[in-house]
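Numbering (the numbering used here), first residue to last: 39 to 496. Heads up, the beta-carbon is just placed ideally off N, CA and C, and yes, glycines get one too. What follows is a single structure, written as structure tokens, with notes after it.
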Amino acid sequence: MSAAPPPAAPGAGADASAGPACDAGPDAGAGADLVGLADLVELVVGDPAAGGGCVARAPDGRVVFVRHSLPGERVVARVTGETAHYLRADAVEVRTASPERVAPPCPAAGPGGCGGCDYQHVALDAQRRLKGRLVEVQLERLGGLRRQVEVEALPGSPDGLGWRTRVRFAADRAGNLGLHRHRSHELVPLGSCPLAAPEVAALDVVGRRWPGARHVEVLAVDTPDAPSALVTVDAPRPLPRSTLPRLGAGVGLTVAGRSRHGAGHVVATAGGRRYVVSAGAFWQVHRAAADALVAAVLDLLDPRPGEHVADLYAGVGLFSVPLGAAVGPRGKVIAVERHRAASADLVTNTALLPAVEVRVGAVEPSSVLDGDRLDLVVLDPPRAGAGTAVMAALDARRPRAVAYVACDPASFARDARVLLDAGWSLAALRAFDAFPMTEHVELVALLVPPGALHEAGR
Ligand SMILES: C[S@@+](CC[C@H](N)C(=O)[O-])C[C@H]1O[C@@H](n2cnc3c(N)ncnc32)[C@H](O)[C@@H]1O
Numbered sequence: 039m040s041a042a043p044p045p046a047a048p049g050a051g052a053d054a055s056a057g058p059a060c061d062a063g064p065d066a067g068a069g070a071d072l073v074g075l076a077d078l079v080e081l082v083v084g085d086p087a088a089g090g091g092c093v094a095r096a097p098d099g100r101v102v103f104v105r106h107s108l109p110g111e112r113v114v115a116r117v118t119g120e121t122a123h124y125l126r127a128d129a130v131e132v133r134t135a136s137p138e139r140v141a142p143p144c145p146a147a148g149p150g151g152c153g154g155c156d157y158q159h160v161a162l163d164a165q166r167r168l169k170g171r172l173v174e175v176q177l178e179r180l181g182g183l184r185r186q187v188e189v190e191a192l193p194g195s196p197d198g199l200g201w202r203t204r205v206r207f208a209a210d211r212a213g214n215l216g217l218h219r220h221r222s223h224e225l226v227p228l229g230s231c232p233l234a235a236p237e238v239a240a241l242d243v244v245g246r247r248w249p250g251a252r253h254v255e256v257l258a259v260d261t262p263d264a265p266s267a268l269v270t271v272d273a274p275r276p277l278p279r280s281t282l283p284r285l286g287a288g289v290g291l292t293v294a295g296r297s298r299h300g301a302g303h304v305v306a307t308a309g310g311r312r313y314v315v316s317a318g319a320f321w322q323v324h325r326a327a328a329d330a331l332v333a334a335v336l337d338l339l340d341p342r343p344g345e346h347v348a349d350l351y352a353g354v355g356l357f358s359v360p361l362g363a364a365v366g367p368r369g370k371v372i373a374v375e376r377h378r379a380a381s382a383d384l385v386t387n388t389a390l391l392p393a394v395e396v397r398v399g400a401v402e403p404s405s406v407l408d409g410d411r412l413d414l415v416v417l418d419p420p421r422a423g424a425g426t427a428v429m430a431a432l433d434a435r436r437p438r439a440v441a442y443v444a445c446d447p448a449s450f451a452r453d454a455r456v457l458l459d460a461g462w463s464l465a466a467l468r469a470f471d472a473f474p475m476t477e478h479v480e481l482v483a484l485l486v487p488p489g490a491l492h493e494a495g496r
């Protein structure tokens with residue numbers, strides 16, 4: 039793979055205005071005939087770009103973001119979108135294949151197919167190298183940080199399949215389920231999704247009809263002796279019981295926000311602890327992610343008895359629970375979460391931990407500025423990141439360490455930059471392949487204030 043920094047496809051979360059630094063290929067050259075929608079063009083493909091494709095140069099000089107291609111390949115691509123500055127295209131024929139190309143395991147993957155996966159045509163270890171490179175570029179471009187990033191495999195999915203504990207299907211007018219085509223509202227009918235965990239596949243929601251539903255989401259975990267499967271139907275109005283498919287006795291069913299059958303939650307496990315997760319509340323999607331993230335965060339932060347911690351964007355308490363146990367009754371964990379169902383679960387899951395205080399509401403600068411002491415912070419925001427105001431408040435407060443858990447490297451890089459510009463250091467960075475077959479990755483970073491690395495003798 040070339041060492042030049044790849045650009046990001048517009049809308050991919052990274053700085054799309056930055057110029058490309060791709061192998062433009064022998065076909066490059068402005069002034070040639072304009073390439074338009076649905077045209078077929080032969081392209082030599084360069085670096086990977088955020089957004090799932092790789093970058094090439096069209097005969098008319100414009101940048102092309104080419105899905106279903108790999109660096110170094112010569113492909114014939116069909117143009118699927120255009121602006122004055124760039125084109126989007128799908129590789130529909132491969133003239134010179136990369137040695138890292140494989141047959142996609144899912145028949146619905148590929149040009150015009152399901153938009154859920156970006157890298158089905160890429161060998162699993164090469165997927166991780168592509169993702170590592172994408173993270174490196176975003177860290178450098180948006181965070182001003184040069185760092186080599188190795189993406190670690192998670193256990194339990196040696197072929198990159200069967201890892202999703204949660205899948206959200208869309209329903210058509212007749213109630214048949216499918217997944218969306220890339221950048222489209224159109225549905226691809228599916229027999230199944232090979233990324234779904236066996237517990238999800240066993241419910242066979244795709245094999246049933248859901249008239250009146252907009253979406254049907256399945257969350258299924260493998261906890262024995264507890265509610266472990268939940269189907270959540272999003273519908274504009276309550277659906278008559280007679281129209282709903284029959285699910286197994288132990289399967290919870292929630293329709294239009296009302297529990298209709300079984301428990302309205304599952305009991306998931308992480309780090310040997312049990313967590314109630316209700317319909318609509320966040321839980322890590324990869325079956326091994328919750329365990330891996332808890333272990334990584336505790337290892338990096340090393341919480342001690344009596345310390346005060348803020349767990350921001352706490353969800354159902356994935357980190358608050360082990361942190362509450364680690365700091366003990368003399369310590370304190372302020373857990374902040376704004377989602378109604380998730381915060382109710384957070385209260386339930388931390389009920390036996392006197393150190394944990396749940397605050398229901400949005401994370402604000404005041405979430406870290408009030409109180410007399412703050413030693414550690416866990417920050418696990420949604421894709422948009424925490425934002426400058428919260429990061430600046432963290433800098434003002436100077437805890438001894440911040441663990442930042444990120445599903446979007448671009449927003450992590452922007453947020454981290456606020457601390458790095460104030461003299462903080464990135465003391466550790468781990469990247470996990472929590473989303474095989476897609477371009478996505480989960481990061482866990484340790485940020486420490488000025489002087490801390492020196493004091494710790496690192
Ligand atoms: C990526 S999830 C992480 C949850 C938890 N740390 C975990 O790993 O299970 C982000 C969480 O932040 C919550 N959230 C999103 N925006 C928020 C905000 N502005 N203030 C507080 N919570 C927010 C979401 O409801 C969600 O539970």
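Is residue i helix, strand or coil when you go by DSSP?
i, result
"residue 101", "strand"
"residue 62", "Since pLDDT at residue 62 reaches only 34, below the 50 mark, its modelled position is unreliable, and the value read off the structure follows with that caveat. Three-state DSSP puts residue 62 in coil, outside helix and strand."
"residue 107", "coil"
"residue 127", "strand"
"residue 227", "strand"
"residue 470", "strand"
"residue 222", "coil"
"residue 371", "strand"
"residue 388", "coil"
"residue 197", "coil"
"residue 290", "strand"
"residue 173", "helix"
Leaving out five residues before and five after residue i in sequence, what residues of the same chain have Cβ atoms less than 6 angstroms from its Cβ?
i, result
"residue 453", "423, 424, 429"
"residue 270", "255, 292, 317"
"residue 112", "82, 133, 134"
"residue 156", "90, 476, 477"
"residue 438", "413"
"residue 126", "103, 118, 119"
"residue 124", "100, 101"
"residue 80", "114"
Less than 8 angstroms separating the Cβ of residue i from some heavy atom of ligand 1?
i, result
"residue 486", "no"
"residue 351", "yes"
"residue 333", "no"
"residue 456", "no"
"residue 356", "yes"
"residue 218", "no"
"residue 418", "yes"
"residue 376", "yes"
"residue 267", "no"
"residue 427", "no"
Excluding sequence positions up to five away, which residues of its chain have a Cβ less than 8 angstroms from the Cβ of residue i?
i, result
"residue 302", "268, 290, 292, 316, 317"
"residue 491", "463, 465"
"residue 265", "288, 290, 300, 301, 303, 304, 305"
"residue 298", "279, 282, 291, 292"
State the CB to CB distance for the pair residue i and residue j, rounded to an integer number of angstroms; the pair is presumed to be in contact (CB under 8 angstroms).
i, j, result
"residue 250", "residue 273", "5 angstroms"
"residue 1", "residue 165", "The question about residue 1 has no answer, for the chain in this structure spans 39 to 496."
"residue 345", "residue 314", "Contact flag wrong, Cβ pair sits at about 26 angstroms."
"residue 325", "residue 194", "5 angstroms"
"residue 447", "residue 172", "7 angstroms"
"residue 435", "residue 407", "6 angstroms"
"residue 374", "residue 405", "5 angstroms"
"residue 502", "residue 213", "Residue 502 cannot be examined here, being either before or after the span of the chain that is shown, 39 to 496."
"residue 209", "residue 218", "Contact flag wrong, Cβ pair sits at about 12 angstroms."
Spatial neighbours of residue i within its chain, please: C-beta separation below 7 angstroms, excluding the five flanking residues on both sides.
i, result
"residue 308", "328, 329, 332, 356"
"residue 138", "108, 160, 161, 164"
"residue 142", "148, 158, 159"
"residue 184", "178"
"residue 236", "200"
"residue 2", "Any property of residue 2 remains undetermined from this structure, which presents the chain solely from 39 to 496."
Would residue i count as contacting chain D if we go by Cβ distances under 9 angstroms?
i, result
"residue 351", "Given the protein chain composition of this structure (a single chain), no chain D is represented."
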